[in-house]
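Presented below is the structure to which this report refers.
Numbering (my numbering), first residue to last: 13 to 169.
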């Protein structure tokens with residue numbers, strides 16, 4: 013049986029996080045980051061049947077606070093993450109399926125407020141199994157207009 017061809021992507025792409033009820037989010041591919049990071053706020057840790065969960069809100073579309081997704085995921089870890097500017101922060105880590113084009117995987121994602129950042133999600137290198145990145149291309153798998161993104165969320169609200 014042959015090895016599956018790697019997926020070729022650009023330095024940023026559109027992805028979905030079905031486990032977190034996020035059908036569409038702009039993702040920046042970041043080979044400098046080990047773990048993926050997702051914009052989240054109002055993060056609340058709750059316990060259900062001896063398991064810890066994070067309940068949180070996501071604004072999946074950049075520059076749009078009107079669309080928010082309330083979701084919940086089991087906490088798989090708590091990690092100290094050092095940002096690119098050297099600041100250390102304790103973060104909740106959850107696991108979720110991600111879909112980028114035909115590529116599907118389960119990945120660990122840290123939750124943090126990325127309000128001032130240009131992308132709501134970073135895809136870290138631990139989530140890039142069998143992926144090749146063309147750093148000169150953006151949206152290699154296809155563009156989504158702001159109107160299309162808003163329409164996607166208007167149909168699920």
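By construction, the Cβ of each residue, glycine as well, lies at the ideal position given by its N, Cα and C atoms.
Only a predicted model underlies this, so the values are computations on that prediction, with no experimental measurement involved.
Coil, strand or helix - residue 30 by DSSP:
The residue you call residue 30 lines up with position 18 of the chain shown. Of the three classes helix, strand and coil, the one that applies to residue 30 here is helix, per DSSP.
Local conformation of residue 166 per DSSP, three classes
Within the chain shown, the letter at position 154 stands for residue 166. Assignment of residue 166 by DSSP, reduced to helix, strand and coil, places it in the helix class.
The stretch 154–165 / the stretch 62–71 touching (three or more Cβ pairs under 8 Å)
No, they do not touch.
Using the Cβ count rule (16 or more neighbours within 10 Å means buried), how would you classify residue 112?
For the purposes of this step, residue 112 is taken as the residue at position 100 of the chain shown. Its Cβ being crowded by 16 or more others within 10 Å, residue 112 is buried.
Quick check: residue 69 and residue 34, are their CB atoms within less than 8 Å of each other?
Sequence index remark: in the chain shown, residue 69 carries index 57 (1-based). Sequence index remark: in the chain shown, residue 34 carries index 22 (1-based). Cβ distance not < 8 Å, so residue 69 and residue 34 don't count as in contact.
Completely contained beta strand (DSSP E) runs for the stretch 17–102, where each covers 3 or more residues
Qualifying beta strand (DSSP E) stretches, in chain order: 19–22, 24–29, 34–42, 48–51, 53–60, 63–70, 81–94.
In whole angstroms, what is the alpha-carbon distance linking residue 137 and residue 81?
Numbered from its first residue, the chain shown carries residue 137 at position 125. Numbered from its first residue, the chain shown carries residue 81 at position 69. Straight across, the Cα-Cα distance linking residue 137 with residue 81 is about 26 Å.
For residue 120 and residue 165, what's the separation of their Cα atoms in angstroms?
Within the chain shown, numbered from 1, the residue matching residue 120 stands at position 108. Within the chain shown, numbered from 1, the residue matching residue 165 stands at position 153. Distance between the alpha carbons of residue 120 and residue 165 is about 24 Å.
With a Cβ-Cβ cutoff of 8 Å, do residue 46 and residue 150 count as a contact?
Residue mapping note: residue 46 aligns to position 34 of the chain shown, counting from 1. Residue mapping note: residue 150 aligns to position 138 of the chain shown, counting from 1. At the C-beta level, residue 46 and residue 150 stay beyond 8 Å of one another.
Distance, Cα to Cα, residue 77 vs residue 67?
Stepping through the chain shown from its first residue, residue 77 is reached at position 65. Stepping through the chain shown from its first residue, residue 67 is reached at position 55. Looking at the two C-alpha atoms, the distance is approximately 18 Å.
Spatial neighbours of residue 56 within its chain, please: C-beta separation below 8 Å, excluding the five flanking residues on both sides.
In the chain shown, residue 56 corresponds to position 44, counting from 1. Here the set comprises 66, 67, 68.
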